[in-house]
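*Asks:*
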Amino acid sequence: MDEFPVKGMDAVVFAVGNAAQAAHYYSTAFGMRRVAYRGPENGSPDEAVHVLESGSARFVFRGPVKAGTEIGRHIAEHGDGVVDLAIEVPDVEHAYRHALANGATGLEEPHVLEDEHGKVTIAAIATYGETRHSLVDRAHYTGPYLPGFEPAGPIVEPPQKRFFQAVDHCVGNVERMDEWADYYHRVMGFTDMAEFVGDDIATEYSALMSKVVADGTRKVKFPLNEPAESRRKSQIDEYLEFYGGPGVQHIALATGDILASVDRMRAAGVEFLESPDSYYEDPELRERIGEVRVPIEELRKRRILVDRDEDGYLLQIFTKPVQDRPTVFFELIERHGSLGFGKGNFKALFEAIEREQERRGNL
Ligand SMILES: [Fe+2]
Numbered sequence: 047m048d049e050f051p052v053k054g055m056d057a058v059v060f061a062v063g064n065a066a067q068a069a070h071y072y073s074t075a076f077g078m079r080r081v082a083y084r085g086p087e088n089g090s091p092d093e094a095v096h097v098l099e100s101g102s103a104r105f106v107f108r109g110p111v112k113a114g115t116e117i118g119r120h121i122a123e124h125g126d127g128v129v130d131l132a133i134e135v136p137d138v139e140h141a142y143r144h145a146l147a148n149g150a151t152g153l154e155e156p157h158v159l160e161d162e163h164g165k166v167t168i169a170a171i172a173t174y175g176e177t178r179h180s181l182v183d184r185a186h187y188t189g190p191y192l193p194g195f196e197p198a199g200p201i202v203e204p205p206q207k208r209f210f211q212a213v214d215h216c217v218g219n220v221e222r223m224d225e226w227a228d229y230y231h232r233v234m235g236f237t238d239m240a241e242f243v244g245d246d247i248a249t250e251y252s253a254l255m256s257k258v259v260a261d262g263t264r265k266v267k268f269p270l271n272e273p274a275e276s277r278r279k280s281q282i283d284e285y286l287e288f289y290g291g292p293g294v295q296h297i298a299l300a301t302g303d304i305l306a307s308v309d310r311m312r313a314a315g316v317e318f319l320e321s322p323d324s325y326y327e328d329p330e331l332r333e334r335i336g337e338v339r340v341p342i343e344e345l346r347k348r349r350i351l352v353d354r355d356e357d358g359y360l361l362q363i364f365t366k367p368v369q370d371r372p373t374v375f376f377e378l379i380e381r382h383g384s385l386g387f388g389k390g391n392f393k394a395l396f397e398a399i400e401r402e403q404e405r406r407g408n409l
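47 is the number of the first residue of the sequence shown in the working numbering; add one for each residue after it.
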């Protein structure tokens with residue numbers, strides 16, 4: 047018996063300084079389609095909220111429309127960032143009570159929202175930093191997002207082929223990884239996935255320790271990073287300093303054609319981390335990754351990384367931070383059997399990130 051059943055990710059909710067422009071950026075650069083809106087025109091005097099989708103991935107952008115709001119304070123403190131990793135559950139009351147009984151902090155008691163499209167039950171618990179998990183049951187709702195939201199059309203013509211179809215995993219940067227892994231074990235009954243990045247990665251390069259927790263069905267996967275001692279300033283320390291504490295570091299988006307997605311996102315102005323040429327020339331890497339679906343030259347041209355484990359392989363690439371602060375970024379991931387997160391790429395990735403940190407003067 048799963049003590050905390052989940053259906054999957056419900057939404058990634060961002061607090062941003064300008065939700066209208068964020069909605070435009072994620073429409074043009076990430077190929078997303080706007081589906082719903084709420085703002086001063088329809089019952090939300092304090093903030094404008096745009097809801098965008100790509101396949102099963104749902105992003106919600108909340109921006110303040112006047113001074114003195116809670117969302118405005120959040121942005122002043124943390125910059126643009128993720129405020130809520132909302133999880134869809136079959137029974138909100140059960141999930142909320144289970145979470146609180148196991149030490150979670152309740153932020154919103156279970157309550158029902160209703161409009162002509164049906165009802166949604168929702169509650170919220172706190173997680174690391176100022177991040178929350180809304181627990182959402184939308185089984186009896188047919189509207190575009192939540193009661194109170196109006197359907198809204200796409201901002202630009204959506205691409206014929208979407209750039210990604212799901213949220214693969216959401217990574218948190220925290221000060222104490224074990225404490226938060228334990229939180230997910232206790233509160234949500236999540237278990238550790240095999241991938242663990244420890245001292246072997248921590249020694250020479252931008253140091254971090256990482257653990258991955260996931261629900262029993264592996265639909266919701268939350269890697270957790272903690273800074274570790276290293277010869278230079280860790281990228282996790284840089285995040286914690288500029289975000290002002292723990293928070294969401296990156297959202298990985300699952301794509302069936304990473305080459306096409308990267309090409310179109312680059313063409314729309316998205317900047318990706320440049321993995322070094324040495325990565326693609328390394329005979330050990332070529333030996334390790336074996337046969338993948340495209341020639342390595344095609345990956346090298348686009349700076350796409352490859353990792354292989356006993357289950358298969360994955361292709362992945364990381365964007366640069368997508369706001370002014372060096373905090374939140376995205377990953378595109380195309381899985382072929384592998385259930386991993388790219389552990390084998392950490393070294394190559396760190397070298398690339400360090401070059402960026404050096405340019406910002408934060409090493
Ligand atoms: Fe990732």
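By construction, the Cβ of each residue, glycine as well, lies at the ideal position given by its N, Cα and C atoms.
1) Count the C-beta pairs between the stretch 125 to 145 and the stretch 196 to 211 that are closer than 8 Å, then say yes if the count reaches three, no if not.
2) Cβ atoms of Ile133 and Glu154: under 9 Å apart, would you say?
3) Tell me the rounded alpha-carbon separation between Pro91 and Asp328.
4) With a CB to CB cut of under 6 Å and the five nearest residues on each side skipped, what residues in its chain are close to Tyr191?
5) Where does His382 land, buried or exposed, given buried means 16+ other C-beta within 10 angstroms?
6) I'd like to know whether the C-beta atoms of Ile304 and Val374 end up nearer to each other than 9 Å.
7) Would you call the CB atoms of Thr301 and Gln206 closer than 9 Å?
8) Consult DSSP for Lys267 and reduce its assignment to one of helix, strand or coil.
9) Note down, in chain order, each residue of its chain lying with its Cβ closer than 8 Å to the Cβ of Arg108, except the 5 sequence neighbours on either side.
10) Judging by CA-CA distance, which residue of Pro269, Glu203, Asp261 and Pro193 is the nearest neighbour of Met223?
11) Once you ignore the five residues that flank Tyr174 on each side, which residues in its own chain have a CB closer than 6 Å to its CB?
12) When DSSP labels each residue in this structure, what does Met255 get in the three-state scheme?
13) Run through DSSP, which three-state label would Thr249 get?
14) Just to confirm before moving on: does the CB-CB distance between Leu345 and Asn391 stay below 9 Å?
15) Buried or exposed, going by whether 16 or more other CB atoms sit within 10 Å of the CB of Arg104?
16) With a cut-off of 8 Å on the beta carbons, I'd call Val202 and Asp183 a contact; round off their distance for me.
17) Between which residues of its own chain and Arg111 is the CB-CB distance below 8 Å, once the five residues before and five after are set aside?
18) Is Ile304 near ligand 1, with its Cβ less than 8 Å from a heavy atom?
19) Please state whether DSSP places Val338 in a helix, a strand or coil.
20) In this structure, does DSSP put Asp224 in helix, strand or coil?
21) How would you label Lys189, buried or exposed, when you count the other beta carbons within 10 angstroms and need 16 or more for buried?
22) Give a yes or no on contact between the stretch 69 to 81 and the stretch 270 to 290, applying the rule of three or more CB pairs nearer than 8 Å.
23) Give a yes or no on whether 9 Å exceeds the smallest Cβ distance from Glu87 to chain C.
24) Work out the CA separation of Ser102 and Ile335 for me, nearest whole Å.
25) Relative to the C-alpha of Val340, which residue among Leu360, Tyr325 and Pro322 is closest?
26) Is the beta carbon of Asp126 sitting closer than 9 Å to the one on Val294?
27) Under a three-way DSSP split, which group does Lys347 fall into?
28) Just to confirm the assignment, what range does the alpha helix (DSSP H) spanning Phe288 have?
29) Taking the alpha-carbon of Asp161 as reference, which of His140, His186 and Glu317 has the nearest alpha-carbon?
30) Within 10 angstroms of the Cβ of Val158, are there 16 or more other Cβ atoms? Answer buried if so, exposed if not.
31) In whole angstroms, give me the CA-to-CA distance for Arg232 and Ala57.
32) Which runs of the beta strand (DSSP E) fall wholly inside the stretch 120 to 176 and span at least 3 residues, in chain order?
33) Leaving out the 5 sequence neighbours to the left and right, which residues in its chain are closer than 6 Å to Tyr230 when beta-carbon positions are compared?
34) Please go through the stretch 175 to 220 and give each complete alpha helix (DSSP H) segment of 4 or more residues, from N-terminal end onward.
35) Using a threshold of 8 Å, is the CB atom of Glu377 nearer than that to any non-hydrogen atom of ligand 1?
*Replies:* With the given structure in hand:
1) Taking one beta carbon from each stretch, the stretch 125 to 145 and the stretch 196 to 211 have fewer than 3 pairs nearer than 8 Å; the two do not touch.
2) Not a contact, by the Cβ cut-off of 9 Å.
3) Take the alpha-carbon of Pro91 and the one of Asp328: they are about 56 Å apart.
4) The answer, listed in chain order, is Ala82 and Val97.
5) So His382 counts as exposed.
6) No; because the gap between Cβ atoms is not below 9 Å, this pair is not in contact.
7) A distance of 9 Å or more separates the beta carbons of Thr301 and Gln206.
8) Under the three-state reduction of DSSP output, Lys267 falls in the strand class.
9) Exclusion of the five residues before and after Arg108 leaves Val59, Phe60, Ala61, Val62, Ala65, Glu93, Ala94, Val95, Ile117 and Val129 as the residues of its chain whose Cβ lies within less than 8 Å of its Cβ.
10) In terms of Cα proximity to Met223, the closest of Pro269, Glu203, Asp261 and Pro193 is Pro269.
11) Excluding sequence neighbours, Tyr174 sits near Gly218, Val220, Trp226 and Pro292.
12) Under the three-state reduction of DSSP, Met255 is assigned to strand.
13) At Thr249, the pLDDT of 46 sits below 50, so the modelled position is not reliable and the matter cannot be decided from this model.
14) No, Cβ-Cβ distance for Leu345 and Asn391 is not below 9 Å.
15) Under this definition Arg104 is a buried residue.
16) So it is not a contact: roughly 32 Å between Cβ atoms.
17) The question names Arg, but residue 111 in the sequence shown is Val. Here the set comprises Gly85, Pro86, Pro91, Asp92, Glu93 and Ala94.
18) No - ligand 1 has no heavy atom lying nearer than 8 Å to the Cβ of Ile304.
19) DSSP places Val338 in coil when its eight states are reduced to three.
20) Here Asp224 sits in helix by DSSP.
21) Reading the sequence as shown, one finds Gly at residue 189 and not Lys. Classification for Gly189: buried.
22) The answer is no - the stretch 270 to 290 does not touch the stretch 69 to 81, with fewer than three Cβ pairs under 8 Å.
23) In the structure shown, chain C does not exist; there is a single protein chain.
24) Spanning the two alpha carbons is a distance of roughly 30 Å.
25) Nearest Cα to Val340 within the set Leu360, Tyr325 and Pro322: Leu360.
26) Taking a C-beta distance under 9 Å as the contact criterion, Asp126 and Val294 do not qualify as a contact pair.
27) In the structure shown, Lys347 sits in a helix (DSSP, three-state: H, G or I).
28) Start and end: Gln281 to Tyr289.
29) It is His186 whose Cα lies nearest to the Cα of Asp161.
30) Exposed, since its Cβ has fewer than 16 Cβ neighbours within 10 Å.
31) Per the coordinates, the alpha-carbon of Arg232 lies some 23 Å from the alpha-carbon of Ala57.
32) List check, beta strand (DSSP E) in window: 127 to 134, 152 to 161 and 164 to 172.
33) Listed in chain order, the non-local C-beta contacts of Tyr230 below 6 Å within the same chain comprise Phe236 and Val259, local neighbours out to five positions each way being set aside.
34) DSSP runs (the alpha helix (DSSP H)) wholly in the stretch 175 to 220: none.
35) Checking the 8 Å criterion, the Cβ of Glu377 is within range of a heavy atom belonging to ligand 1.
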